[in-house]
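Have a look at the structure below before the remarks.
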Amino acid sequence: MNITLRVNGESHDLDLDPRVSLLDALRHHLHLTGTKKGCDHGQCGACTVLLNGRRINACLTLACMHDGDDITTIEGIGADGLTPLQQAFIEHDGFQCGYCTPGQICSAVGMAEELRQGWPSHVTDDLTADPELTRDEIAERMSGNLCRCSCYPGIVNAIRQSLGEQA
Amino acid sequence: MKRHAKIDGPQTDRRLDGMAQGVLGQPLDRPDGPLKVTGRATYAAEVRLDRMVHGVLVRAPRVGTLNGFDTERVRGMAGVLAVLTEGLPRNSAQGAIAKSPPGNEGKAQYVGQPVALVVAETLEQATHAAWTLEVGIMPSIPVINPHAAPTEFPEKKQRDLGDLEAAMAEAAATLDETYHTPTLSSAPMEPHASIAEWDGERLTLHGAYQMLKFNRKQLAEALGIDPSAVRVLAPYVGGGFGSKLGISAEAVGAALAARMLGRPVSVVMHRRQVFEMTTRRSQTQQRIRLAADVDGHLLGIGHDALVSNLPGETFSEPVQQGTDFNYAAPNRKVVHEVARLNLIACGSVRAPGEAVGVTMFEVAMDEMAHRLNLDPVEFRLRNIPDHDPLDGKPFSSNMLAQALTEGAQRFGWRHQPPRSRREGEWWIGTGMSAAVRVNMLTESEARVTLTPEGRAKVETDMTDIGTGTYAILTQIAAEMLGLPVAQVETVLGDTDLPPASGSGGSFGAASSGSSVYLACLEIRSQIAARLGIAEEDLTLKDGHAIHANRTIPLSQILDAPITTEGHVEPGDSGKIARNATYGAHFAEVAVNDVTGETRVRRMLGTYACGRVLNVKTATSQCHGGLIWGIGMALTEELIHDPRDGHAVNRDLAEFHIPVNRDVPDLEVYLLPERDDWANPIQSKGIGELSICGAGASVINAIHAACGVRIRDLPATPDKVLAGLMQIES
Ligand code: FES
Ligand code: FES
Numbered sequence: 025m026n027i028t029l030r031v032n033g034e035s036h037d038l039d040l041d042p043r044v045s046l047l048d049a050l051r052h053h054l055h056l057t058g059t060k061k062g063c064d065h066g067q068c069g070a071c072t073v074l075l076n077g078r079r080i081n082a083c084l085t086l087a088c089m090h091d092g093d094d095i096t097t098i099e100g101i102g103a104d105g106l107t108p109l110q111q112a113f114i115e116h117d118g119f120q121c122g123y124c125t126p127g128q129i130c131s132a133v134g135m136a137e138e139l140r141q142g143w144p145s146h147v148t149d150d151l152t153a154d155p156e157l158t159r160d161e162i163a164e165r166m167s168g169n170l171c172r173c174s175c176y177p178g179i180v181n182a183i184r185q186s187l188g189e190q191a
Numbered sequence: 144m145k146r147h148a149k150i151d152g153p154q155t156d157r158r159l160d161g162m163a164q165g166v167l168g169q170p171l172d173r174p175d176g177p178l179k180v181t182g183r184a185t186y187a188a189e190v191r192l193d194r195m196v197h198g199v200l201v202r203a204p205r206v207g208t209l210n211g212f213d214t215e216r217v218r219g220m221a222g223v224l225a226v227l228t229e230g231l232p233r234n235s236a237q238g239a240i241a242k243s244p245p246g247n248e249g250k251a252q253y254v255g256q257p258v259a260l261v262v263a264e265t266l267e268q269a270t271h272a273a274w275t276l277e278v279g280i281m282p283s284i285p286v287i288n289p290h291a292a293p294t295e296f297p298e299k300k301q302r303d304l305g306d307l308e309a310a311m312a313e314a315a316a317t318l319d320e321t322y323h324t325p326t327l328s329s330a331p332m333e334p335h336a337s338i339a340e341w342d343g344e345r346l347t348l349h350g351a352y353q354m355l356k357f358n359r360k361q362l363a364e365a366l367g368i369d370p371s372a373v374r375v376l377a378p379y380v381g382g383g384f385g386s387k388l389g390i391s392a393e394a395v396g397a398a399l400a401a402r403m404l405g406r407p408v409s410v411v412m413h414r415r416q417v418f419e420m421t422t423r424r425s426q427t428q429q430r431i432r433l434a435a436d437v438d439g440h441l442l443g444i445g446h447d448a449l450v451s452n453l454p455g456e457t458f459s460e461p462v463q464q465g466t467d468f469n470y471a472a473p474n475r476k477v478v479h480e481v482a483r484l485n486l487i488a489c490g491s492v493r494a495p496g497e498a499v500g501v502t503m504f505e506v507a508m509d510e511m512a513h514r515l516n517l518d519p520v521e522f523r524l525r526n527i528p529d530h531d532p533l534d535g536k537p538f539s540s541n542m543l544a545q546a547l548t549e550g551a552q553r554f555g556w557r558h559q560p561p562r563s564r565r566e567g568e569w570w571i572g573t574g575m576s577a578a579v580r581v582n583m584l585t586e587s588e589a590r591v592t593l594t595p596e597g598r599a600k601v602e603t604d605m606t607d608i609g610t611g612t613y614a615i616l617t618q619i620a621a622e623m624l625g626l627p628v629a630q631v632e633t634v635l636g637d638t639d640l641p642p643a644s645g646s647g648g649s650f651g652a653a654s655s656g657s658s659v660y661l662a663c664l665e666i667r668s669q670i671a672a673r674l675g676i677a678e679e680d681l682t683l684k685d686g687h688a689i690h691a692n693r694t695i696p697l698s699q700i701l702d703a704p705i706t707t708e709g710h711v712e713p714g715d716s717g718k719i720a721r722n723a724t725y726g727a728h729f730a731e732v733a734v735n736d737v738t739g740e741t742r743v744r745r746m747l748g749t750y751a752c753g754r755v756l757n758v759k760t761a762t763s764q765c766h767g768g769l770i771w772g773i774g775m776a777l778t779e780e781l782i783h784d785p786r787d788g789h790a791v792n793r794d795l796a797e798f799h800i801p802v803n804r805d806v807p808d809l810e811v812y813l814l815p816e817r818d819d820w821a822n823p824i825q826s827k828g829i830g831e832l833s834i835c836g837a838g839a840s841v842i843n844a845i846h847a848a849c850g851v852r853i854r855d856l857p858a859t860p861d862k863v864l865a866g867l868m869q870i871e872s
């Protein structure tokens with residue numbers, strides 16, 4: 025199937041087997057291996073990318089469903105120098121092996137936008153007020169991104185610091 | 144020049160304390176950080192090679208004799224290049240063994256065993272073909288139940304000192320309880336992956352492995368070639384936790400297929416295959432007996448364990464490793480029994496032995512403290528031995544008392560009877576446990592080069608599986624050679640470099656760190672010789688040598704780079720003294736009276752691991768252990784179907800590792816310590832200590848909160864609820 029994917033601002037024309045997931049299109053066909061495969065089943069979040077600005081699991085969707093879509097991967101974040109979020113991940117040791125990290129960072133970027141738009145989460149007490157950037161809000165909203173190295177304390181602190189500074 | 148050291152006794156010169164650069168121990172950011180946060184660190188499956196094709200492994204759907212595959216049909220499918228049904232190992236190789244993993248001898252000995260590899264032009268074609276391949280099996284009846292299985296009692300793992308039965312009969316207080324832990328899985332986030340490419344007779348394997356010098360030999364033997372023809376590359380590894388110690392089917396399959404096809408072959412395990420085709424932590428049954436006098440001094444300790452593995456595997460979960468020396472008692476008995484089952488192979492998972500052994504022992508200690516009406520911290524303090532209780536050896540260092548006292552004070556520990564605090568639906572309680580883990584040194588080599596411009600390079604086939612090796616080896620070299628860390632480059636994960644210990648058993652940092660230290664010591668000696676002074680009198684700082692009020696840049700001392708090697712080997716030190724690490728865990732939990740759900744509200748760990756090489760990466764390792772403790776206590780359990788043994792919940796949706804919201808604020812405190820017996824850098828392992836007993840603090844906190852004693856992990860809501868109902872009825 026012929027499709028066009030816009031990835032990190034660049035257009036790519038691809039001729040793909042319809043079975044190719046968006047994740048495998050990125051990894052195998054565009055050689056953007058920053059997006060990781062941890063489970064291929066939407067269970068771990070390692071493959072998180074931004075699809076037209078919203079975070080999704082790239083393993084759970086087929087590439088051919090995204091003709092013309094705008095995709096941001098980790099390679100598109102901080103391409104001209106680390107963003108404050110990436111810097112904060114390093115400073116707070118928000119990773120060890122680093123395998124879940126691109127997914128964590130893409131997910132955090134998507135989450136920040138959801139927070140900005142006032143989306144409530146399971147731990148938001150007041151569904152009509154703007155959610156606050158608390159530890160629990162971050163932990164709850166980041167729970168779709170597993171980290172077996174168990175760097176959750178660093179991940180939460182990194183996100184809290186960098187989003188707090190932006191606010 | 145090579146500097147060699149065999150560690151036969153205490154290394155008392157503590158040279159690292161006298162260095163001037165001041166970077167060792169500091170919370171240096173990981174040098175590999177920028178690559179990891181931008182997605183540019185390349186893991187095993189991410190190497191880009193021309194003409195590469197994809198292989199997908201096929202599992203055995205049942206146990207029995209292999210009886211042919213319908214390869215013809217599959218070979219005719221689109222894109223299929225090869226169907227390999229011979230030569231795959233039955234299971235992964237065990238760690239630190241230079242031998243090929245066992246072959247399958249024409250049998251499927253457990254459900255999920257890798258039995259074939261299908262290779263095709265694309266991953267989608269290979270996946271489809273692998274799903275289509277029918278595996279012929281003449282079924283046999285699998286042995287699943289450890290209680291109905293043939294068992295063995297490995298001689299070296301039994302202990303019998305004094306008379307435990309008599310002690311139990313005479314003691315003022317006793318405990319005799321049986322505990323269970325389920326099968327657990329490492330579940331690293333990066334699935335096991337290999338890309339194999341041949342250049343004539345030479346194989347390069349890009350693999351996700353922990354111990355490269357062994358992996359190279361294992362693979363060579365599996366392929367029937369000389370180890371010198373094999374190069375293994377693993378610069379970045381997405382976690383291992385034991386599951387990547389020895390080579391697995393994907394490495395052998397990729398190498399065989401690449402040789403056959405003359406093209407590079409990539410084989411990546413599917414997540415479900417990671418659970419089945421790599422190793423698991425054995426389920427355990429543990430009978431623990433304690434006998435104490437009225438003052439709470441232990442008179443007897445008994446710890447019987449029943450574990451399992453496949454027939455022929457030498458590894459058996461060393462459940463009682465910590466029981467040998469944790470507490471004093473004149474009468475001691477350990478029975479270690481291994482059941483031979485048709486289940487996934489067992490191997491090392493983070494802190495093999497103590498992770499489950501210390502955890503359940505520390506639950507028993509809590510129960511015993513209650514029977515004695517003693518504060519559990521005080522009960523432990525009363526039973527710290529002053530020498531190895533088995534054979535009277537001295538301890539290299541025993542910091543358990545300090546860890547307990549410091550931890551209790553920092554946590555604000557107060558011993559209270561169960562069910563004394565409630566907030567709405569929630570019972571609140573605190574629990575604690577001790578932590579112990581054996582400490583080891585293993586052979587390791589490294590090469591260090593210092594240039595006249597003041598740049599250094601560290602090279603070794605050591606791995607960084609998230610453990611911080613890039614950071615700590617950089618820091619050791621910078622400290623020894625007096626260089627800013629930015630001037631030091633560390634290159635890892637390539638078997639063309641000097642062979643290192645590898646990452647496993649918490650010995651990696653201290654062993655490979657010692658080899659780098661030795662290589663640097665040799666460089667220092669050479670510089671000192673050129674200045675005509677003793678090495679001890681030489682100060683190196685910021686690229687300069689300082690001596691007798693003179694500051695000389697390295698460029699004036701060296702006219703060419705110096706390259707040295709360091710080589711450390713374990714000697715008698717570990718035999719003369721008992722080497723171990725110690726710590727304590729404290730947890731506060733809330734248990735829901737209506738649902739039986741447990742939430743951990745805060746957790747604290749104090750640990751003594753000798754010299755801390757990087758306080759930031761060491762703390763992250765401790766967080767990891769505490770969080771694995773939460774998982775072990777509350778959610779993690781790989782369930783085997785009682786009929787055929789297959790792992791029912793073999794994915795990340797059903798095998799519940801802790802997620803971000805399961806983890807509260809954690810506090811870690813590293814006690815200052817130097818252990819001279821350990822190695823020349825006086826440093827010990829930290830990656831595993833923090834999981835040894837962490838779960839017990841949670842289980843003990845559940846009891847303190849609501850009065851329910853869980854002896855069968857994990858403490859899922861159904862078990863807690865049943866306990867609550869029993870108390871209230
Ligand atoms: S790889 Fe997509 S969620 Fe795990
Ligand atoms: S850093 Fe290793 S899995 Fe998250």
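For the protein sequence lines, the chains are A and B, in the order given.
Under my numbering, the first residue of the first sequence carries the number 25, and numbering increases by one thereafter.
Under my numbering, the first residue of the second sequence carries the number 144, and numbering increases by one thereafter.
Backbone N, C-alpha and C fix where the C-beta goes; we use that ideal spot for every residue, glycine too.
Keep in mind that this is a model prediction, so the values were computed, not measured.
Between residue 120(A) and ligand 2, is there a pair consisting of the residue's CB and a ligand heavy atom that are separated by less than 7 Å? The residue you call residue 120(A) lines up with position 96 of the first sequence. Because some heavy atom of ligand 2 lies under 7 Å away, the Cβ of residue 120(A) counts as near it: yes.
Contact belief for residue 442(B) with residue 526(B) at Cβ below 8 Å, rounded distance in angstroms: Counted from its first residue, the second sequence places residue 442(B) at position 299. Counted from its first residue, the second sequence places residue 526(B) at position 383. Not quite, the Cβ-Cβ distance comes to about 10 Å (not below 8 Å), so this is no contact.
State the Cα-Cα distance for the pair residue 514(B) and residue 318(B), rounded to the nearest angstrom. What you label residue 514(B) is simply residue 371 of the second sequence in a count that begins at 1. What you label residue 318(B) is simply residue 175 of the second sequence in a count that begins at 1. So the alpha carbons of these two residues sit roughly 8 Å apart.
Using only the alpha-carbon positions, how far apart do residue 122(B) and residue 485(B) sit? Here chain B comprises residues numbered 144 to 872, so residue 122(B) is not present and cannot be evaluated.
Among residues of its own chain, excluding the 5 on either side of residue 185(B), which ones have a beta-carbon nearer than 8 Å to its beta-carbon? The residue given as residue 185(B) occupies position 42 in the second sequence. Result list for residue 185(B): 378, 379, in chain order.
Beta carbon of residue 83(A): closer than 7 Å to some heavy atom of ligand 1? Sequence index remark: in the first sequence, residue 83(A) carries index 59 (1-based). Within the cutoff, so yes.
Within 10 angstroms of its Cβ, does residue 427(B) collect 16 or more other Cβ (buried), or is it exposed? Working through the second sequence from its first residue, we reach residue 427(B) at position 284. Answer is buried; the Cβ neighbour count reaches 16.
Selection from 649(B), 706(B), 668(B) that minimises the alpha carbon distance to residue 594(B): In the second sequence, residue 594(B) corresponds to position 451, counting from 1. Checked all of 649(B), 706(B), 668(B); the closest Cα to residue 594(B) is 706(B).
Alpha carbon to alpha carbon, what distance is there between residue 389(B) and residue 647(B)? The residue given as residue 647(B) occupies position 504 in the second sequence. The residue given as residue 389(B) occupies position 246 in the second sequence. Cα to Cα, residue 647(B) sits roughly 11 Å from residue 389(B).
At which residue ranges does the region 576 to 625 of chain B contain complete alpha helix (DSSP H) runs of 4 or more residues, listed in the order of the chain? 612 to 624
DSSP three-state label for residue 716(B), please. Here residue 716(B) is taken as the residue at index 573 of the second sequence, counted from 1. The answer is helix: DSSP assigns residue 716(B) an H, G or I state.
Does DSSP put residue 753(B) in a helix, in a strand, or in coil? Residue 753(B) sits at position 610 when you count from the first residue of the second sequence. Reduced to three states, the DSSP call for residue 753(B) is strand.
Along the region 125 to 157 of chain A, what residues have a CB closer than 7 Å to any CB found in chain B? 125, 126, 129
Is the beta carbon of residue 226(B) closer than 8 Å to that of residue 259(B)? In the second sequence, residue 259(B) corresponds to position 116, counting from 1. In the second sequence, residue 226(B) corresponds to position 83, counting from 1. Yes, these two residues count as a Cβ contact at 8 Å.
Taking a contact to mean a Cβ-Cβ separation below 8 Å, would you say residue 555(B) touches residue 564(B) in this structure? Here residue 555(B) corresponds to residue number 412 of the second sequence, with the count starting at 1. Here residue 564(B) corresponds to residue number 421 of the second sequence, with the count starting at 1. No, these two residues do not count as a Cβ contact at 8 Å.
Would residue 90(A) pass as an interface residue toward chain B - the criterion being a Cβ-Cβ separation below 8 Å? Here the question's residue 90(A) lines up with position 66 in the first sequence. Chain B, which has no Cβ nearer than 8 Å to the Cβ of residue 90(A), makes this no.
Burial state of residue 249(B), where buried means 16 or more other Cβ atoms lie within 10 Å: Within the second sequence, the letter at position 106 stands for residue 249(B). Residue 249(B) comes out exposed.
Counting C-beta neighbours from all protein chains within 10 Å, is the total for residue 698(B) 16 or more, i.e. buried, or is it exposed? One-based indexing of the second sequence puts residue 698(B) at position 555. That one is exposed.
Closer than 8 Å, CB to CB, is residue 63(A) near chain B or not? By 1-based counting over the first sequence, the position of residue 63(A) is 39. Yes, residue 63(A) lies at the interface with chain B (some Cβ there is under 8 Å from its Cβ).
Using a 10 Å radius around the Cβ and a threshold of 16 neighbouring Cβ atoms, would you call residue 296(B) buried or exposed? Along the second sequence, one-based indexing puts residue 296(B) at 153. That one is exposed.
Contacts around residue 117(A), its chain only, beta-carbon distance under 8 Å, and the 5 residues preceding and following it disregarded: Sequence index remark: in the first sequence, residue 117(A) carries index 93 (1-based). These residues qualify, in order along the chain: 175, 178.
Would you say residue 771(B) faces chain A, with C-beta separation under 8 Å as the test? As a position in the second sequence, residue 771(B) is number 628, starting the count at 1. With 8 Å as the cut-off, residue 771(B) counts as an interface residue toward chain A.
Residue 72(A) at chain B interface by Cβ criterion, 8 Å: For the purposes of this step, residue 72(A) is identified with residue 48 of the first sequence, where counting begins at 1. No, no contact with chain B.
Name, going along the chain, the residues of the region 171 to 186 of chain A whose beta-carbon falls closer than 8 Å to a beta-carbon of chain B. 171, 172, 173, 174, 175, 176, 177, 178, 179, 180
Can you confirm whether residue 93(A), when its beta carbon is compared against all beta carbons of chain B, has any partner nearer than 8 Å? Counting from one through the first sequence, the residue named residue 93(A) turns up at place 69. No, residue 93(A) lies away from the interface with chain B (no Cβ there is under 8 Å from its Cβ).
Any heavy atom of ligand 2 within a distance shorter than 7 Å of the CB on residue 352(B)? The sequence position of residue 352(B) within the second sequence is 209, counting from 1. Not under cutoff, so the answer is no.
CB-CB under 7 Å to residue 684(B), same chain, minus the five flanking residues each way: which ones, in chain order? Reading the second sequence from its first residue, position 541 is the one you call residue 684(B). So the list reads 163, 164, 625, once near-sequence residues are dropped.
Could you tell me the alpha carbon to alpha carbon distance between residue 619(B) and residue 643(B), rounded to whole angstroms? Against the second sequence, residue 619(B) aligns to sequence position 476. Against the second sequence, residue 643(B) aligns to sequence position 500. Roughly 16 Å between the two C-alpha positions.
Look at the alpha carbon of residue 32(A) and the alpha carbon of residue 777(B), and state the distance between them as a whole number of angstroms. Within the first sequence, residue 32(A) is the residue found at index 8, counting from 1. Within the second sequence, residue 777(B) is the residue found at index 634, counting from 1. Answer to the nearest angstrom: the Cα atoms are 41 Å apart.
Contacts that residue 803(B) makes with chain A (C-beta to C-beta distance below 9 Å): Counting from one through the second sequence, the residue named residue 803(B) turns up at place 660. Ordered by position in chain A, the residues that pass the 9 Å Cβ test against residue 803(B) are 162, 163, 164, 165, 166, 167, 168, 169, 170, 171, 176, 179, 180.
Taking the C-alpha atoms as reference points, what is the distance between residue 181(B) and residue 265(B)? For this step, residue 181(B) is matched to residue 38 along the second sequence. For this step, residue 265(B) is matched to residue 122 along the second sequence. Answer to the nearest angstrom: the Cα atoms are 27 Å apart.
Spell out whether any CB of chain A is found under 8 Å from the CB atom of residue 760(B). The count along the second sequence starts at 1 and reaches residue 760(B) at position 617. At least one chain A Cβ lies under 8 Å of residue 760(B).
Residues that residue 31(A) contacts on chain B, provided the C-beta gap is smaller than 8 Å: Here the question's residue 31(A) lines up with position 7 in the first sequence. Under the 8 Å cutoff, chain B gives no residues; its nearest Cβ is about 13 Å from residue 31(A).
By a C-beta neighbour count over all protein chains shown, 10 Å radius and 16 as the cutoff for buried, is residue 145(B) buried or exposed? Residue numbering aside, residue 145(B) sits at position 2 when the second sequence is read from its first letter. Exposed: under 16 other Cβ atoms inside 10 Å.
Mind reading off the beta-carbon distance from residue 560(B) to residue 148(B)? Whole number of angstroms is fine, and I expect it under 8 Å. On the second sequence, residue 560(B) is found 417 positions in, with the first residue counted as 1. On the second sequence, residue 148(B) is found 5 positions in, with the first residue counted as 1. In this structure, residue 560(B) and residue 148(B) do not form a Cβ contact; the two beta carbons are roughly 53 Å apart against a cut-off of 8 Å.
Using a Cβ-Cβ cut-off of less than 9 Å, list which residues of the region 368 to 388 of chain B approach chain A; keep chain order. 379, 380, 381, 382, 383, 384
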